Amino acid sequence: MSSYASELRQTAQAMMAPGKGILAMDESNGTCNKRFDKLGIPTTEDRRRAYRQLILTTSNLSEAISGAILYDETIRQSTDSGVPLTQVMKDGGIIIGIKVDTGAKDLAGHEGEKVTEGLDGLRDRIAEYYQMGARFAKWRSVITIKDGLPSRACIEANAHGLARYAALCQEGGLVPIVEPEVLINGDHTLERCYEVTDETLHTVFEQLYRQGVAFDQMILKPSMVISGLDCPTQSTVEQVADATVACLLKNVPAMVPGVAFLSGGQSEARASEHLNMMNQKYGDKCPWRLTFSYARAIQQPALNHWRGDDSKVAAAQKLLLHRARCNGAASQGQYNP
Ligand code: 13P
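Residue numbers (this note's numbering): 221 to 557.
Written as structure tokens, this is what we have:
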């Protein structure tokens with residue numbers, strides 16, 4: 221058992237505090253720059269810093285946000301007046317999280333599939349992040365649905381990586397967020413998404429078990445069971461809620477404190493509606509908390525408004541807080557658009 225076991229349990233409980241969820245703001249420089257480019261925002265270190273400062277200095281963010289996931293660049297940055305962003309988070313009651321994977325790379329021998337890298341040197345990086353104040357981490361794997369995909373090789377390689385990462389995190393005092401994302405891209409049906417998510421979650425928990433990961437000291441960050449973006453028959457909110465909860469109940473041990481979904485390219489409103497419906501219909505039947513760990517579905521309206529213009533910070537922060545509150549309410553089945 222990890223010498224951090226009781227601290228890890230407490231951190232996981234605090235991350236899953238009622239009415240709160242997690243704010244993912246750990247876009248790599250590449251992903252952040254892509255989003256900036258679309259809006260004509262200069263892709264410089266200073267603009268990335270200014271944007272992350274905007275997010276973390278939003279007043280009352282901790283009403284709906286328990287923790288935020290940072291990227292390596294961000295955890296080392298400071299505000300305009302020189303206050304470390306990690307200090308801003310501590311003062312604001314936001315638990316510090318850190319993305320520790322180094323990205324999804326092509327899986328050799330398996331065209332069109334990815335495997336997430338980042339295990340080399342991870343023990344040392346975890347120790348450094350813990351010293352810097354981080355108390356949880358994230359690692360994202362991606363599974364693609366296409367004709368004949370995913371392969372078993374892809375699911376197993378990614379599940380193994382997630383489990384090795386999670387074990388290292390627990391050894392070093394960080395609560396692992398385990399994120400196997402079944403991508404929404406494609407024309408697959410909701411039923412096909414269920415099959416793939418079922419197999420993926422089953423394999424991930426088998427690997428977590430094999431690596432000795434403590435289920436009460438981790439958070440699962442799954443995608444929802446949903447029709448592909450290009451599927452001619454689009455799933456309804458209720459279908460997504462029913463299929464997602466059914467798949468989780470089948471595969472996720474009751475000991476896991478919480479499930480915090482990614483938004484994965486859903487619209488802001490849909491991401492809130494789906495979470496809300498799950499909590500309304502099934503909140504009291506699930507052994508774990510059902511909440512959010514959204515990036516785009518919380519940030520996008522604020523980013524669109526700010527567009528790199530610092531005279532728009534206050535209005536952008538209002539938009540950010542609004543989406544955070546919407547999702548906080550949805551995590552209790554009380555979303556009212
Ligand atoms: P989205 O909510 O934008 O899918 O991002 C969540 C995340 O952290 C992906 O790793």
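Think of the CB as a built atom: it goes at the ideal place given N, C-alpha and C, for glycine as much as any other residue.
Everything numeric in this text was worked out from a predicted model, so none of it was measured.
Can you check DSSP and say which residues form a bridge with residue i?
{"i": "P400", "result": "S361"}
{"i": "D336", "result": "Checking the displayed sequence, the identity of residue 336 turns out to be Thr instead of Asp. Answer is A324, bridged to T336."}
{"i": "G341", "result": "Answer by DSSP bridge pairing: none, since G341 is not bridged."}
{"i": "Y514", "result": "L243"}
{"i": "L440", "result": "V398, V479"}
{"i": "P304", "result": "S298"}
{"i": "A544", "result": "Partner(s): none; A544 has no beta bridge."}
{"i": "G287", "result": "I242, I315"}
{"i": "L369", "result": "K366"}
{"i": "R509", "result": "G478"}
{"i": "F356", "result": "G317, V395"}
Residue j and residue i - do their beta-carbons sit closer together than 8 Å?
{"i": "F512", "j": "F481", "result": "yes"}
{"i": "L382", "j": "E333", "result": "no"}
{"i": "D246", "j": "K325", "result": "no"}
{"i": "Q390", "j": "S531", "result": "no"}
{"i": "Y224", "j": "I295", "result": "no"}
{"i": "V308", "j": "T277", "result": "yes"}
{"i": "R430", "j": "E401", "result": "no"}
{"i": "G553", "j": "N496", "result": "yes"}
{"i": "D321", "j": "G338", "result": "yes"}
{"i": "V416", "j": "I363", "result": "yes"}
{"i": "R345", "j": "V395", "result": "no"}
{"i": "L228", "j": "G393", "result": "yes"}
{"i": "V465", "j": "Y502", "result": "yes"}
{"i": "E293", "j": "R267", "result": "no"}
{"i": "G485", "j": "I404", "result": "yes"}
{"i": "A536", "j": "N499", "result": "no"}
{"i": "G250", "j": "R527", "result": "no"}
{"i": "A561", "j": "G241", "result": "The structure shown does not extend to residue 561, since the chain is modelled only from 221 to 557, so the question has no answer here."}
{"i": "A387", "j": "L327", "result": "no"}
{"i": "Y414", "j": "A461", "result": "no"}
Near residue i, which residues of its chain fall below 7 Å by C-beta distance, leaving aside the five closest residues on each side in sequence?
{"i": "N471", "result": "D418, L421, H422, F425"}
{"i": "S455", "result": "L410, I446, S447"}
{"i": "E253", "result": "Sequence inspection shows Asn at residue 253; the Glu mentioned does not correspond to that position. The residues are T263."}
{"i": "I518", "result": "L243, L540, R543, A544, N547"}
{"i": "H380", "result": "Q427"}
{"i": "D450", "result": "G406, D407"}
{"i": "C384", "result": "One detail in the question is off: residue 384 reads as Arg in this sequence, not Cys. L339, Q431."}
{"i": "R412", "result": "I365"}
{"i": "R272", "result": "M245, T294, Q297, L305"}
{"i": "S282", "result": "G312, G313, I314"}
{"i": "Q520", "result": "E488"}
Excluding sequence positions up to five away, which residues of its chain have a Cβ less than 6 Å from the Cβ of residue i?
{"i": "E493", "result": "V457"}
{"i": "L523", "result": "none"}
{"i": "G353", "result": "T306, I316"}
{"i": "P557", "result": "none"}
{"i": "P304", "result": "S298"}
{"i": "S483", "result": "A491, Y514, R516, A517"}
{"i": "I275", "result": "M245"}
{"i": "G329", "result": "none"}
Let me check you understand the geometry: is the CB of residue i closer than 7 Å to at least one non-hydrogen atom of the ligand PLP?
{"i": "Y555", "result": "For the structure depicted, the ligand PLP is absent and the ligand set comprises only the ligand 13P."}
So, at 8 Å on beta carbons, what are the nonlocal neighbours of residue i in its own chain, with the 5 sequence-adjacent residues on each side left out?
{"i": "G478", "result": "A232, M235, M236, I439, L440, W508, R509, L510, T511"}
{"i": "L525", "result": "The sequence as given places His at residue 525; Leu does not occur at that position. Around H525: K532, A535, A536, L539."}
{"i": "S248", "result": "Y291, K319, G323"}
Check your reading: residues with Cβ closer than 5 Å to the ligand 13P heavy atoms: Here the residues close to the ligand 13P, judged by CB distance below 5 Å to any of its heavy atoms, are A244, R360, L482, S483, G484, Y514, A515, R516 in chain order.
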